[in-house]
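Below is one structure, written out as structure tokens, with a few remarks after it.
There are 2 protein chains.
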Amino acid sequence: MNLWFTEDHSPYARFSFRVEEHLYTATSEFQKIDVFQTTEFGRILTLDGYVMVTEKDEFIYHDMIVHVPMATNPSIQKVLVIGAGDGGTVRELTRYPSIKKIDMVEIDEQVVKVCQEFLPQTAAQLTDPRVTLYFEDGLKFVRQQENAYDLIIVDSTDPFGPGEGLFTKEFYGNCYKALNEQGILVNQHESPFYAEDARGMQRAHKSIMGFFPVSKVYQAHIPTYPSGHWLFGLASKKYDPIEDLDSDAWNALGLQTKYYNTKLHVGSFALPNYVKELLIHAK
Amino acid sequence: MNLWFTEDHSPYARFSFRVEEHLYTATSEFQKIDVFQTTEFGRILTLDGYVMVTEKDEFIYHDMIVHVPMATNPSIQKVLVIGAGDGGTVRELTRYPSIKKIDMVEIDEQVVKVCQEFLPQTAAQLTDPRVTLYFEDGLKFVRQQENAYDLIIVDSTDPFGPGEGLFTKEFYGNCYKALNEQGILVNQHESPFYAEDARGMQRAHKSIMGFFPVSKVYQAHIPTYPSGHWLFGLASKKYDPIEDLDSDAWNALGLQTKYYNTKLHVGSFALPNYVKELLIHAK
Numbered sequence: 001m002n003l004w005f006t007e008d009h010s011p012y013a014r015f016s017f018r019v020e021e022h023l024y025t026a027t028s029e030f031q032k033i034d035v036f037q038t039t040e041f042g043r044i045l046t047l048d049g050y051v052m053v054t055e056k057d058e059f060i061y062h063d064m065i066v067h068v069p070m071a072t073n074p075s076i077q078k079v080l081v082i083g084a085g086d087g088g089t090v091r092e093l094t095r096y097p098s099i100k101k102i103d104m105v106e107i108d109e110q111v112v113k114v115c116q117e118f119l120p121q122t123a124a125q126l127t128d129p130r131v132t133l134y135f136e137d138g139l140k141f142v143r144q145q146e147n148a149y150d151l152i153i154v155d156s157t158d159p160f161g162p163g164e165g166l167f168t169k170e171f172y173g174n175c176y177k178a179l180n181e182q183g184i185l186v187n188q189h190e191s192p193f194y195a196e197d198a199r200g201m202q203r204a205h206k207s208i209m210g211f212f213p214v215s216k217v218y219q220a221h222i223p224t225y226p227s228g229h230w231l232f233g234l235a236s237k238k239y240d241p242i243e244d245l246d247s248d249a250w251n252a253l254g255l256q257t258k259y260y261n262t263k264l265h266v267g268s269f270a271l272p273n274y275v276k277e278l279l280i281h282a283k
Numbered sequence: 001m002n003l004w005f006t007e008d009h010s011p012y013a014r015f016s017f018r019v020e021e022h023l024y025t026a027t028s029e030f031q032k033i034d035v036f037q038t039t040e041f042g043r044i045l046t047l048d049g050y051v052m053v054t055e056k057d058e059f060i061y062h063d064m065i066v067h068v069p070m071a072t073n074p075s076i077q078k079v080l081v082i083g084a085g086d087g088g089t090v091r092e093l094t095r096y097p098s099i100k101k102i103d104m105v106e107i108d109e110q111v112v113k114v115c116q117e118f119l120p121q122t123a124a125q126l127t128d129p130r131v132t133l134y135f136e137d138g139l140k141f142v143r144q145q146e147n148a149y150d151l152i153i154v155d156s157t158d159p160f161g162p163g164e165g166l167f168t169k170e171f172y173g174n175c176y177k178a179l180n181e182q183g184i185l186v187n188q189h190e191s192p193f194y195a196e197d198a199r200g201m202q203r204a205h206k207s208i209m210g211f212f213p214v215s216k217v218y219q220a221h222i223p224t225y226p227s228g229h230w231l232f233g234l235a236s237k238k239y240d241p242i243e244d245l246d247s248d249a250w251n252a253l254g255l256q257t258k259y260y261n262t263k264l265h266v267g268s269f270a271l272p273n274y275v276k277e278l279l280i281h282a283k
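Which chain is which? The protein sequence lines are A and B, in order. The opening position of the first sequence corresponds to residue 1 in full-length UniProt numbering, with each subsequent residue numbered one higher. The opening position of the second sequence corresponds to residue 1 in full-length UniProt numbering, with each subsequent residue numbered one higher.
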């Protein structure tokens, strides 16, 4: 058998995974959900044909979306996670004993069920007693919150399909309101390399900048996302991710990580000139 | 027409480029040479079916292989380049007025001719009066040099095919001898992500470490190379790429770059934990 799953990274560039077995396929109320067993990347989850998570490289994304804000403010206790149906972001958060409460809002309950069955590597910690799952629209959920969280992580799909509303000004404004005065917002920001992804990144950055006094962008090497060059936005009411990083405090926690370390934390905010230009001209 | 060029990034992962025209194909004494006009990446050069350079992202590789050593020691005057038939490395070197002499040793004259015809973006500066082209085996050339260069850049193909000998201990030992006491060696080091590439990287790192008192590894985001996560080795008899970096001096040169800047220079040496593990266990 010679079966391949192919994703368009741009209209003119494609990435293909050798597939051993198509483990699951269904269409939920919101999107098409598939799980494949691949040879190189272990199991992969796709939504509407786009790769969301692979067992081989998910550690990179989840390290970077969680440990960067947690090392910036180690006293974070109350966290809101939007999206993140695979559970990887929650898994990393539950490693911090200091965290008291994790609310996770995922629009599509079926994604969580599928991940609990097929991707225990990422989904296993969703049963942690500090975690409350809300199966509803993140946009509506966050509208009702005020001064409630130390950290909001927006771990959404791409800015089209069900994730579209999560890249709007209204949404980021509501995130600002939902955060307390120490609040930090982390947003998955797409890639700077392909034109359409870069526009999504510029739109998100511009919208977030309008609300938060601190708004910075950092990067990671994620091989299975388009171009492998992935950006995150860290916005904050008070904390600066470089100046306020307390490396000794984070290292004293003794967390073992395969990608993140506090030197890389600092290095990840040093962006290439072409990315800085995109951010300066964001609209 | 719906024509695609596909490269295997591992036996189980493939990247494909939409092709508008197959501009050139021939087999030289050493390898198969092809040039394609692609929609997303402009013209691309492949050797034996592996992408060497694309017009869209070559700036990243060439910025990082040249400006990192040049900013580490701005008094570099004599440079040896091994491989680099597309001319991009020489193009970046010729931007430094302080450089007096560039010897470029490329085993395959036909690669240079093809790039001069089809890739003027990278090859145009090969006619700079400071540049001397030698069409011979880099391994043999470097054996005959002693105390002759401030900088050697090994811009080779992958460690199989004609580039194979350039990843051996004997070669790096001869590079050490060919450098003067300020000497710096920069080596393209493959990717850490796929198993076979990682083994090439480990072999090169281990061999270089045996000769040079300073031996560090840095990274860049190069979307069209396997995994997009690419490493370079910087080894040196004296200079440390972080401690000896004089950002003010480099910035005073006023060079415009699309990827490199001196903050990114520092950040690029902050490696993920899994890469540091691979380097520690290199054999």
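Ideal Cβ placement from N, Cα and C applies to all residues, glycine included.
Task: CB contact flag (residue 286 of chain B, D86 of chain B, <7 Å) - done: The displayed coordinates of chain B run from 1 to 283. Any statement about residue 286 of chain B would go beyond what the structure contains.
Open item on the list: Could you check whether the Cβ of T262 of chain A sits closer than 6 Å to any heavy atom belonging to the ligand FAD?
Closed with: As far as ligands go, the structure on display features none, and thus does not contain the ligand FAD.
- [ ] Compute the beta-carbon to beta-carbon distance between I222 of chain A and D57 of chain A, rounded to the nearest angstrom, for a pair I have assumed lies under 8 Å.
- [x] The residue given as residue 222 of chain A occupies position 222 in the first sequence. The residue given as residue 57 of chain A occupies position 57 in the first sequence. Taking 8 Å as the upper bound for CB-CB distance, I222 of chain A and D57 of chain A are in contact here, some 6 Å apart.
Task: Y96 of chain B at chain A interface by Cβ criterion, 7 Å - done: As a first step, residue 96 of chain B is located in the second sequence; it is residue number 96 there, counting from the start. No, no contact with chain A.
Open item on the list: Determine, for G200 of chain B, whether the minimum Cβ-Cβ distance to residues of chain A falls below 7 Å.
Closed with: Here residue 200 of chain B refers to the residue found at position 200 when the second sequence is read from its first residue. So no, G200 of chain B is outside the interface.
TODO: Determine, using beta carbons only, whether M104 of chain A and V114 of chain A come nearer to each other than 7 Å.
DONE: Here residue 104 of chain A corresponds to residue number 104 of the first sequence, with the count starting at 1. Here residue 114 of chain A corresponds to residue number 114 of the first sequence, with the count starting at 1. Going by C-beta atoms, M104 of chain A is not nearer than 7 Å to V114 of chain A.
- [ ] Give the residues of chain B in contact with Y61 of chain A, contact being defined as C-beta atoms less than 7 Å apart.
- [x] Working through the first sequence from its first residue, we reach residue 61 of chain A at position 61. Those within 7 Å of Y61 of chain A in chain B number zero; the least Cβ separation is about 12 Å.
- [ ] Give me whichever residues DSSP pairs with G233 of chain B in a beta bridge.
- [x] The residue given as residue 233 of chain B occupies position 233 in the second sequence. Answer is B:N187, B:V217, bridged to G233 of chain B.
- [ ] Would you mind stating whether V35 of chain A and Y24 of chain A have Cβ atoms separated by less than 7 Å?
- [x] Reading the first sequence from its first residue, position 35 is the one you call residue 35 of chain A. Reading the first sequence from its first residue, position 24 is the one you call residue 24 of chain A. Between V35 of chain A and Y24 of chain A, the CB-CB gap stays under 7 Å.
Task: Distance CB(Y259 of chain A)-CB(I76 of chain A) smaller than 7 Å - done: Translated into positions along the first sequence, residue 259 of chain A becomes position 259. Translated into positions along the first sequence, residue 76 of chain A becomes position 76. The answer is no: Cβ separation not under 7 Å.
Task: Q125 of chain A, DSSP secondary structure in three states - done: If you number the first sequence from 1, residue 125 of chain A lands on position 125. The answer is helix: DSSP assigns Q125 of chain A an H, G or I state.
Task: Coarse secondary structure for G210 of chain B, derived from DSSP in three states - done: By 1-based counting over the second sequence, the position of residue 210 of chain B is 210. In the structure shown, G210 of chain B sits in coil (DSSP, three-state: anything other than H, G, I, E or B).
TODO: Answer with buried or exposed for H281 of chain A, where buried requires no fewer than 16 other C-beta atoms within 10 angstroms of its C-beta.
DONE: Walking along the first sequence from the start, residue 281 of chain A turns up at place 281. Counting Cβ neighbours within 10 Å, H281 of chain A comes out exposed, since fewer than 16 surround it.
Task: Alpha-carbon spacing of N180 of chain B relative to M70 of chain B, whole angstroms - done: Residue 180 of chain B sits at position 180 when you count from the first residue of the second sequence. Residue 70 of chain B sits at position 70 when you count from the first residue of the second sequence. Those two C-alpha atoms are separated by around 16 Å.
Task: Test: E40 of chain B CB closer than 7 Å to a CB of chain A - done: Counting from 1 along the second sequence, the entry for residue 40 of chain B is found at position 40. E40 of chain B counts as touching chain A.
Task: Status (buried if at least 16 other CB within 10 Å, exposed otherwise) for H22 of chain B - done: In the second sequence, residue 22 of chain B corresponds to position 22, counting from 1. Classification of H22 of chain B: exposed, given that the 10 Å Cβ count is below 16.
Task: Within-7 Å CB hit, K216 of chain B to chain A - done: The residue you call residue 216 of chain B lines up with position 216 of the second sequence. No, its Cβ sits nowhere closer than 7 Å to a Cβ of chain A.
- [ ] Check whether the Cβ atoms of Y149 of chain B and L45 of chain B sit closer than 7 Å, and answer yes or no.
- [x] Here the question's residue 149 of chain B lines up with position 149 in the second sequence. Here the question's residue 45 of chain B lines up with position 45 in the second sequence. No, Cβ-Cβ distance for Y149 of chain B and L45 of chain B is not below 7 Å.
Task: Local Cβ density within 10 Å of T6 of chain B, reported as buried at 16 or more and exposed below that - done: By 1-based counting over the second sequence, the position of residue 6 of chain B is 6. So T6 of chain B counts as exposed.
TODO: Answer with yes or no whether the minimum CB distance from A282 of chain A to chain B is below 7 Å.
DONE: Against the first sequence, residue 282 of chain A aligns to sequence position 282. Not closer than 7 Å to any Cβ of chain B, the Cβ of A282 of chain A fails to qualify, so no.
Task: Residue environment, L3 of chain A, which counts as buried when at least 16 other CB atoms sit within 10 Å - done: The residue given as residue 3 of chain A occupies position 3 in the first sequence. Label assigned to L3 of chain A: exposed.
Task: Rounded C-alpha distance that separates I208 of chain A from S156 of chain A - done: On the first sequence, position 208 is the one that residue 208 of chain A refers to. On the first sequence, position 156 is the one that residue 156 of chain A refers to. Taking the straight line from one Cα to the other gives about 15 Å.
TODO: Just the C-alpha distance for F193 of chain B and Q144 of chain A, rounded to the nearest angstrom, thanks.
DONE: By 1-based counting over the second sequence, the position of residue 193 of chain B is 193. By 1-based counting over the first sequence, the position of residue 144 of chain A is 144. C-alpha separation (whole angstroms): 43 Å.
Task: Delimiting residues of the alpha helix (DSSP H) encompassing G83 of chain B - done: Start at 1 with the first residue of the second sequence, and residue 83 of chain B comes out as number 83. Careful: G83 of chain B lies outside any alpha helix (DSSP H), inside the beta strand (DSSP E) at 78-83.
TODO: Please decide whether F193 of chain A counts as near chain B, where near means a Cβ-Cβ distance under 7 Å.
DONE: For the purposes of this step, residue 193 of chain A is identified with residue 193 of the first sequence, where counting begins at 1. F193 of chain A counts as touching chain B.
Open item on the list: Taking only three categories from DSSP, how would you classify F141 of chain A?
Closed with: Taking the first residue of the first sequence as position 1, residue 141 of chain A is located at position 141. Three-state result, F141 of chain A: helix.
- [ ] State the beta-bridge partners of A13 of chain B as determined by DSSP.
- [x] Numbered from 1 along the second sequence, position 13 holds the residue referred to as residue 13 of chain B. Its beta-bridge partners are A:F17, B:S10.
TODO: Report yes if the C-beta distance between L234 of chain B and P241 of chain B is below 7 Å; otherwise report no.
DONE: Walking along the second sequence from the start, residue 234 of chain B turns up at place 234. Walking along the second sequence from the start, residue 241 of chain B turns up at place 241. Contact flag set, yes.
Open item on the list: Can you check whether the C-beta of S247 of chain A is within less than 7 Å of a C-beta belonging to chain B?
Closed with: As a working mapping, residue 247 of chain A is identified with position 247 in the first sequence. No, S247 of chain A lies away from the interface with chain B (no Cβ there is under 7 Å from its Cβ).
Task: Closest by C-alpha distance to I152 of chain A, when choosing among A:G183, A:Y134, A:F141 - done: Position 152 of the first sequence, counting from 1, holds the residue named residue 152 of chain A. Nearest C-alpha to I152 of chain A: A:G183.
Open item on the list: If distances are taken between C-alpha atoms only, which option among B:K263, B:F30, B:T38 comes closest to M1 of chain B?
Closed with: Position 1 of the second sequence, counted from the first residue, corresponds to residue 1 of chain B. Of B:K263, B:F30, B:T38, the residue nearest in Cα terms is B:T38.
Task: 8 Å Cβ cut-off: residues of chain B touching S227 of chain A - done: Taking the first sequence and counting its residues from 1, one reaches residue 227 of chain A at position 227. Going along chain B in sequence order, the residues near S227 of chain A (Cβ under 8 Å) are H221, P223, G228.
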